[in-house]
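>
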Amino acid sequence: MSVNKNISIKLFILFSLFATVFAKDLLIIAPYYGNISNTYTNSKYGLNMEDTQMMDGIYAQFVSPENGQTNIFLYQAPNVNYSKVTGLHALSDWYFGQGDKWVIGLGYDNIIINMDAGNHIAGLDLFKLDNDVKEVYLRLGKYFSAGEYYGVTTRFLPYLGYGTETVAGSIVLNPSGPAPLMTIPVYSQQNYPLAGLNGHFEFHHFITIDAKHMVMFQTAKNIRTTTIEANLYFTKNLGLTYQYKNMEQTNGSDIYSIAGIVLVL
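Written out as structure tokens, the structure is:
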């Protein structure tokens, strides 16, 4: 296992331990299984690769309604686009104020792509890519309750924030013909403002839908992340869950559609 994967697992554990300190009221666990579509583009080398394969993951959320919440999602796709994709999403929110709470949050996202396409790309006898994308951001927002209509309780969380992205890795390629084998280091770092809007819709406590959209205003282009999550509870402790997420990146995207069982402890 690589150093970067070890770091992701350690951060997963650290976020979990931290969450249990301040959010002991509720624990939600959901194993997920489904498919992921990975797209990688590189105009310099004429690459436009897309593939859909299976993935799995584990989600945990620690909630204290008065104090805050932490949610963590660790996932992997062992063979998509000639790659192994490993991802970690972690977000902690702290609540303050009276009534509809203010929120200050710390988020961390890490996507690691280890690609070995061999000679499957036209014009290349070898193509390998190691890409490690890390994003850390702070956000500040406020919940707004929109009341209850036809049994549906609604609330929204608009927020603003600031983040930093680091991309590190390497490209190894060997063009067909006499051109030599090349190893090209990849590194970039940038800071950016961001904005987002979350919507939560709850029907009589047994159906919940969360819709989230965040835009990172980066230099090359705006990067968007859209998430839709739906839960159907049979009891207060057991239900089914579905999640769709579209994560844009500078050189492509990851889209996953997954389902699982949700346990409330």
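Here the sequence shown stands for residues 1 to 265, where the numbers follow the numbering used here.
Just so you know, even glycine gets a beta-carbon here, dropped at the ideal spot from N, CA and C.
Could you check which residue in F62, G161 and F203 has the C-alpha nearest to that of L194?
For the purposes of this step, residue 194 is taken as residue 194 along the sequence shown, with counting starting at 1. Of the listed residues, the one whose Cα sits closest to L194 is G161.
> In terms of alpha-carbon separation, which member of A30, D25, Y40 and V136 lies closest to I255?
Start at 1 with the first residue of the sequence shown, and residue 255 comes out as number 255. Checking every option, the nearest Cα to that of I255 belongs to Y40.
> What is the DSSP secondary structure of K44, counted as helix, strand or coil?
The count along the sequence shown starts at 1 and reaches residue 44 at position 44. Residue state, collapsed to three classes: helix.
> In chain order, which beta strand (DSSP E) runs of at least 3 residues are fully inside the segment 201-225?
207-217
> Using the C-alpha atoms, what's the distance from Y32 back to G107?
Your numbering for residue 107 matches position 107 in the sequence shown. Your numbering for residue 32 matches position 32 in the sequence shown. The alpha-carbon atoms of G107 and Y32 are separated by roughly 21 Å.
> Assess, as a yes-or-no matter, whether the segment 135-155 is touched by the segment 50-69 under the definition of 3 or more beta carbon pairs within less than 8 Å.
No, because fewer than three Cβ pairs between the segment 50-69 and the segment 135-155 fall closer than 8 Å, the two stretches do not touch.
> Measure the C-alpha to C-alpha separation of I258 and Q243 and round it to an integer number of angstroms.
Within the sequence shown, the letter at position 258 stands for residue 258. Within the sequence shown, the letter at position 243 stands for residue 243. Near 5 Å, if we compare the C-alpha coordinates of Q243 and I258.
> Please state the DSSP three-state secondary structure of G82.
The residue labelled residue 82 in the question sits at position 82 within the sequence shown. Contrary to the premise, residue 82 reads as Tyr rather than Gly in this sequence. Three-state result, Y82: coil.
> What are the boundary residues of the beta strand (DSSP E) that T154 is part of?
Translated into the one-based positions of the sequence shown, residue 154 becomes position 154. Residues V152 to P175.
> Verify whether the separation of the beta carbon atoms of G260 and T235 is less than 8 Å.
Numbered from its first residue, the sequence shown carries residue 260 at position 260. Numbered from its first residue, the sequence shown carries residue 235 at position 235. In this structure, T235 does not lie closer than 8 Å to G260 by Cβ.
> What do you reckon, are the CB atoms on F144 and G199 nearer than 8 Å?
By 1-based counting over the sequence shown, the position of residue 144 is 144. By 1-based counting over the sequence shown, the position of residue 199 is 199. No, Cβ-Cβ distance for F144 and G199 is not below 8 Å.
> Look up K128 in the DSSP assignment and give the residues it is bridged to.
For the purposes of this step, residue 128 is taken as the residue at position 128 of the sequence shown. DSSP, once it has assigned bridges, lists D116 and V172 as partnering K128.
> Count the other CB atoms, across all protein chains shown, that sit within 10 Å of the CB of E165; report buried if there are 16 or more and exposed otherwise.
If you number the sequence shown from 1, residue 165 lands on position 165. By the neighbour-count rule (16 or more Cβ atoms within 10 Å), E165 is buried.
> With DSSP as the reference, identify every bridge partner of N191, one or two as the case may be.
The residue labelled residue 191 in the question sits at position 191 within the sequence shown. Answer is T164, bridged to N191.
> Go to I121, then tell me how far its beta strand (DSSP E) extends in each direction, as first and last residue.
Numbered from 1 along the sequence shown, position 121 holds the residue referred to as residue 121. That residue, I121, is in no beta strand (DSSP E); it is neither H nor E in DSSP.
> Could you tell me which of L74, T250, L263 and M49 sits nearest to S188, measuring between CA atoms?
On the sequence shown, residue 188 is found 188 positions in, with the first residue counted as 1. Considering only alpha carbons, the answer is T250.
> For V80 versus N38, is the C-beta spacing smaller than 8 Å?
Here residue 80 refers to the residue found at position 80 of the sequence shown. Here residue 38 refers to the residue found at position 38 of the sequence shown. Result yes, Cβ atoms of V80 and N38 sit closer than 8 Å.
> Measuring alpha carbon to alpha carbon, tell me which of M214, Q76 and G147 ends up nearest N222.
Here residue 222 refers to the residue found at position 222 of the sequence shown. Checked all of M214, Q76 and G147; the closest Cα to N222 is M214.
> For K236, list the residues DSSP reports as bridge partners.
Residue numbering aside, residue 236 sits at position 236 when the sequence shown is read from its first letter. BP columns for K236 are empty, so no partner.
> Using DSSP with H/G/I as helix, E/B as strand and the rest coil, what is G97?
For the purposes of this step, residue 97 is taken as residue 97 along the sequence shown, with counting starting at 1. Here G97 sits in coil by DSSP.
> Give me, in chain order, the residues of the same chain whose beta-carbon lies closer than 8 Å to that of E66; leave out the 5 immediate sequence neighbours on both sides.
Working through the sequence shown from its first residue, we reach residue 66 at position 66. Cβ neighbours of E66 beyond the five flanking positions: Y95.
> Measuring alpha carbon to alpha carbon, tell me which of I121, G68, M115 and N119 ends up nearest K128.
Taking the first residue of the sequence shown as position 1, residue 128 is located at position 128. Measuring from the Cα of K128, the nearest candidate turns out to be M115.
> Out of N246, G252 and G239, state which residue places its alpha-carbon closest to the alpha-carbon of L276.
Residue 276 falls outside the range modelled here, since the chain spans only 1 to 265, and no answer is possible.
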